[in-house]
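Asks:
4 protein chains.
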Amino acid sequence: MAKTLDRRKQILKAAVDVFAERGFHRTRVSDIAKKADVAYGLIYHYFESKDDVLDSVFRDNWSIFLKVLKDLRDDLSKSVVERLGIVIDSLLEALYVAPAVVQVIIQEVSRSDRFVEKEKYEAFQEAFDAVQSMIEQGQDSGEIRKDVNAEIAPFILFGALETVCTGTTLKLISCDDDEQRRQLKETVRSMLLSGLIHEKGKDNDTI
Amino acid sequence: MAKTLDRRKQILKAAVDVFAERGFHRTRVSDIAKKADVAYGLIYHYFESKDDVLDSVFRDNWSIFLKVLKDLRDDLSKSVVERLGIVIDSLLEALYVAPAVVQVIIQEVSRSDRFVEKEKYEAFQEAFDAVQSMIEQGQDSGEIRKDVNAEIAPFILFGALETVCTGTTLKLISCDDDEQRRQLKETVRSMLLSGLIHEKGKDNDTI
Amino acid sequence: MAKTLDRRKQILKAAVDVFAERGFHRTRVSDIAKKADVAYGLIYHYFESKDDVLDSVFRDNWSIFLKVLKDLRDDLSKSVVERLGIVIDSLLEALYVAPAVVQVIIQEVSRSDRFVEKEKYEAFQEAFDAVQSMIEQGQDSGEIRKDVNAEIAPFILFGALETVCTGTTLKLISCDDDEQRRQLKETVRSMLLSGLIHEKGKDNDTI
Amino acid sequence: MAKTLDRRKQILKAAVDVFAERGFHRTRVSDIAKKADVAYGLIYHYFESKDDVLDSVFRDNWSIFLKVLKDLRDDLSKSVVERLGIVIDSLLEALYVAPAVVQVIIQEVSRSDRFVEKEKYEAFQEAFDAVQSMIEQGQDSGEIRKDVNAEIAPFILFGALETVCTGTTLKLISCDDDEQRRQLKETVRSMLLSGLIHEKGKDNDTI
DNA sequence: AATGAATGAGAGTTCATTCAT
DNA sequence: GATGAATGAACTCTCATTCAT
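Chains as they are written, first to last, in our numbering: chain A, 1 to 207; chain B, 1 to 207; chain C, 1 to 207; chain D, 1 to 207.
In structure tokens form, the structure reads like this:
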């Protein structure tokens, strides 16, 4: 049984690698098999179809990310900006640890027509909702500007992160040493979070 | 000759519609033909291949967008924040006027093989460069924070816009009346631009 | 258009031949293509699927046979036994003229799980009904014994004919010259029809 | 060893059920295994192949039927018509007692590749020969008409029975109570046997 | 220019059979 | 004996592209 799980993981790992390398559409099932060093048919022992392999990659990893998001949403001990910072850091950290996984989820799932499927849609929705919820918390407490639409903000946050991830994967953004990674995080935080808080001396709603 | 151009446009228009509707990969050449109400062999008179149809959609529209960007980059009469605001507004406006075109362009942006072709790569690069250049202008003049990496910022800007467009296309973001559109623009500006400028009273690097 | 029909017929004819030769299941689509001397894909231009090819063979030919049956059912100028004799003769004649078609219909459609499909079932039902109707006419007029169940009789008639056809196709029944064909018809008529009429001097229900 | 036989029978019984239900071609080895509630590798301990399972079903049951036929052929104490009546009754009785077995045997009879294998061919031939032999006995003794071809008659007899069985299995022929079964037998006897004997007063070959 | 029949390589999926445990 | 993971050949169907008319 443990072995069964191993095989499954072995195939999933190979699939992530080849999906990241060539894209889902260009990847043949035989490519996955070759990379995983298993027989063609075995993939159909563990998965329903090629689509199911991609879905599994998504499900397995997205649930982890979702848990992080939901925990942050419910962690009232931290400020909202602090928590959103952690969201950003987590994703960029994941990008460093498992770039192929992040790339596949972004390239082949979040983009692409797959997004349309109900199940996928709902998975994303949950993530968007969690961020929306945090922003609303911030607006209620006065921490975050009210002229930001809390429904739209998650699109901006995730969209920005998505493209940064892609840029990094494609080596358009350098991210090789700690200093570069620090700068990346700093830039994302500056652009996405500083715009959320009240500009000092401007729209302070003091009398 | 004029008729030739008409036919070409007729096909391109149909292509944009079906690509937007079903995605590039799911669209068959015969779908384009059916939508354009022409025999599908005809498509090969006007285009080299299915890919070439998509490329043409991209080229035709991207060049327009690129011109707007480059003009703004060179328009020193406006502040950088003002100009970036125009970038945002233009794109969201286009989204309202020709949603299918914008969606297809974004789809194209999102295709994982996009950077394989030199030509494509350069087209994107130019857009990114223009934004980078504006940000650098702002940093030189002191208008924009220096702790924002000017190479990374364009990814954030375009990524955010991309996802907002997708969300709008998929009706996840409502954009039906003027008020909703105003709010959308306001939110995007707040999040992406306010983070760029100096927070008053904090890190003003005064002389 | 005429050419289109020709192509379709060309493929159908080839399909009948290879189906008869190797059976539907053992026949690959490429076998049909090779036999018809057309490209593989062309078959899918004219037919939905391999199943559809078989269905078409059935539909095209069965409708002809069905018309014969229905016309006979409605031809009150002939005695029932005479008409049933014509049914038998027609089928055995068809077997002589187009053995492959008869064999395919019997082997691959009337037998086999295909029989279960509603559409097919109904096609057969009509034939069974026509025969049943003729037998009932004969029972009403006193020509045919009443202790024969008119619903069951068609099964016996068609079953016998079916197997005789198969036997002939497989060369287990010789049918090479006119004398052999005469004997075949005579035997089938004797066994299937003589049993239907009243045995003289036995159960004549005279007043 | 007894256990071995049990396992074998357990698998055969399951095989008969699923073959009857879905047909041989549509049945996967794993379906048999599932129905038999054994691991599907086990089937290959008891049988050479999927074909071998069907062959075994056939062999086991056909030999029984064949014995009945041969015993009847050699039982000169009964009239030929009486003995053929027993053939019919036996088969219809079997259909009532073990419908799945009868159906699978018939399916097997109907497989187009059945006559390819010598062994199979001979099995059928023996049954046909036995009936042919009985008819010839009847013709020699004057019990049966000479204008019936004794080689062809078995095809008619078995064909009719085959289709009646199929019709019953598919519930196209009702066979639920004793009266319906009586009528079924009566109809088959009337049609198949009454045609064999001399029509009274017609072609009596009187001295 | 316009048509759509014709082509055929390519890819996903199935499933009988084998084999290590 | 028993299990079910592993194998891979076989086969159907798709669809971009070509080409004769």
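Heads up, the beta-carbon is just placed ideally off N, CA and C, and yes, glycines get one too.
As the structure is a computational prediction, the values presented were derived from the model and not from experiment.
Can you tell me which of the three DSSP states C:L12 falls into?
Replies: If DSSP states are grouped into helix, strand and coil, C:L12 belongs with the helices.
Asks: Rounded to the nearest angstrom, what separates D:V131 and C:A153 at their Cα positions?
Replies: Going from the Cα of D:V131 to the Cα of C:A153 covers about 22 Å.
Asks: To the nearest angstrom, how far is it from the Cα of C:D176 to the Cα of C:F158?
Replies: Distance between the alpha carbons of C:D176 and C:F158 is about 23 Å.
Asks: I'd like to know if B:D147 contacts chain A, where contact means its C-beta is closer than 8 Å to some C-beta of that chain.
Replies: Answer yes: the Cβ-Cβ gap between B:D147 and chain A drops below 8 Å somewhere.
Asks: Quick one: does B:L184 have its CB under 8 Å from some CB of chain A?
Replies: True, the Cβ-Cβ gap to chain A drops below 8 Å.
Asks: Determine, for B:V188, whether the minimum Cβ-Cβ distance to residues of chain A falls below 8 Å.
Replies: So yes, B:V188 belongs to the interface.
Asks: Measuring alpha carbon to alpha carbon, tell me which of B:E93, B:F19 and B:D75 ends up nearest B:R182.
Replies: Answer by Cα proximity: B:E93.
Asks: For a cutoff of 8 Å on Cβ pairs, would you count D:T163 as touching chain C?
Replies: Chain C, which has a Cβ nearer than 8 Å to the Cβ of D:T163, makes this yes.
Asks: How should C:V97 be labelled, buried or exposed, when 16 other C-beta atoms within 10 angstroms of its C-beta is the threshold for buried?
Replies: Per the 10 Å Cβ criterion, exposed.
Asks: Any idea if A:R145 is buried or exposed, counting beta-carbon neighbours within 10 angstroms, 16 or more meaning buried?
Replies: So A:R145 counts as buried.
Asks: With distances taken from CA atoms, which of D:N149, D:A100 and D:L5 is nearest D:E21?
Replies: Comparing Cα-Cα distances from D:E21 to each of D:N149, D:A100 and D:L5, the minimum goes to D:A100.
Asks: DSSP on D:A160, reduced to helix/strand/coil?
Replies: In the structure shown, D:A160 sits in a helix (DSSP, three-state: H, G or I).
Asks: Does the pairing of the region 178-195 of chain A with the region 188-197 of chain B give three or more beta-carbon distances under 8 Å?
Replies: The region 178-195 of chain A is in contact with the region 188-197 of chain B.
Asks: What does the Cβ neighbour count give for D:R83, buried or exposed, with the cut at 16 atoms within 10 Å?
Replies: The residue in question, D:R83, is buried, as its Cβ has 16 or more Cβ neighbours within 10 Å.
Asks: Against chain A, does B:I64 count as a neighbour if the rule is that its beta carbon must be under 8 Å from one of theirs?
Replies: Not closer than 8 Å to any Cβ of chain A, the Cβ of B:I64 fails to qualify, so no.
Asks: With H, G and I counted as helix, E and B as strand and the rest as coil, what does DSSP make of B:Y40?
Replies: It is coil, neither helix nor strand.
Asks: Under the rule that 16 or more other beta-carbon atoms within 10 Å means buried, what is A:Q125, buried or exposed?
Replies: Exposed, since its Cβ has fewer than 16 Cβ neighbours within 10 Å.
Asks: Select from the region 41-57 of chain A all residues with a C-beta closer than 7 Å to any C-beta belonging to chain B, and list them in chain order.
Replies: Correct list: empty, as no residue qualifies.
Asks: Please state the DSSP three-state secondary structure of D:T4.
Replies: Residue state, collapsed to three classes: helix.
Asks: So, using beta-carbon positions, are B:V68 and B:A15 closer together than 8 Å?
Replies: Cβ atoms of B:V68 and B:A15: not closer than 8 Å.
Asks: From C:H25 to D:F128, what does the alpha carbon distance come to, in whole angstroms?
Replies: Cα-Cα distance, rounded: 27 Å.
Asks: In chain order, what residues of the same chain lie with their CB nearer than 6 Å to the CB of C:I207, ignoring the 5 residues before and after it?
Replies: Note on C:I207: pLDDT 39, under 50, position unreliable in the model; the coordinate value appears next. Within the same chain, C:I207 has no close Cβ partners at all.
Asks: Closer than 8 Å by beta-carbon distance: list the chain D residues that pair up with C:M134, in chain order.
Replies: Result: empty, since nearest Cβ-Cβ is about 14 Å, beyond 8 Å.
Asks: Taking the continuous alpha helix (DSSP H) assigned at D:E88, which residues delimit it?
Replies: The sequence given here has Ile at residue 88 of chain D, not Glu. It spans V80 to V97 - the alpha helix (DSSP H) in which D:I88 sits, taken as one unbroken run.
Asks: Pick helix, strand or coil for B:T169, following the three-state DSSP scheme.
Replies: Three-state DSSP puts B:T169 in a helix.
Asks: Take A:K202 and list the residues in its own chain whose beta-carbon comes closer than 7 Å to its own, dropping the five residues that flank it on each side.
Replies: Its pLDDT being 45, under 50, A:K202 is placed unreliably in this model, and the coordinates cannot settle the point.
Asks: Let me confirm a value: A:K120 is counted as buried when at least 16 other C-beta atoms fall within 10 Å, else exposed. Which label applies?
Replies: The residue in question, A:K120, is buried, as its Cβ has 16 or more Cβ neighbours within 10 Å.
Asks: Could you check how far apart the C-beta atoms of C:K185 and C:I88 are, in whole angstroms? I think they sit under 8 Å.
Replies: Right, the Cβ-Cβ distance comes to about 7 Å (below 8 Å), so this counts as a contact.
Asks: Mind checking B:L170: buried by the 16 CB within 10 Å criterion, or exposed?
Replies: Exposed, since its Cβ has fewer than 16 Cβ neighbours within 10 Å.
Asks: How big is the Cα-Cα spacing for C:G167 and D:C165?
Replies: Going from the Cα of C:G167 to the Cα of D:C165 covers about 19 Å.
Asks: Quick check: the Cα distance between A:N204 and A:M134, rounded to an integer number of angstroms?
Replies: With a pLDDT of 39 at A:N204, under the threshold of 50, the modelled position of this residue cannot be trusted, and the question is left open.
Asks: Would DSSP call A:S77 helix, strand or coil?
Replies: Coil.
Asks: Going by CA-CA distance only, name the one from C:R59, C:K13 and C:K70 that's closest to C:I43.
Replies: Considering only alpha carbons, the answer is C:K13.
Asks: Out of D:D140, D:G142 and D:D55, which has the shortest C-alpha to C-alpha gap to D:K118?
Replies: Of D:D140, D:G142 and D:D55, the residue nearest in Cα terms is D:D55.
Asks: Using a C-beta to C-beta distance shorter than 7 Å, which residues of chain C count as neighbours of D:G167?
Replies: Going along chain C in sequence order, the residues near D:G167 (Cβ under 7 Å) are F155.
Asks: Ends of the alpha helix (DSSP H) at C:I135?
Replies: Its alpha helix (DSSP H) spans residues K118 to S141.
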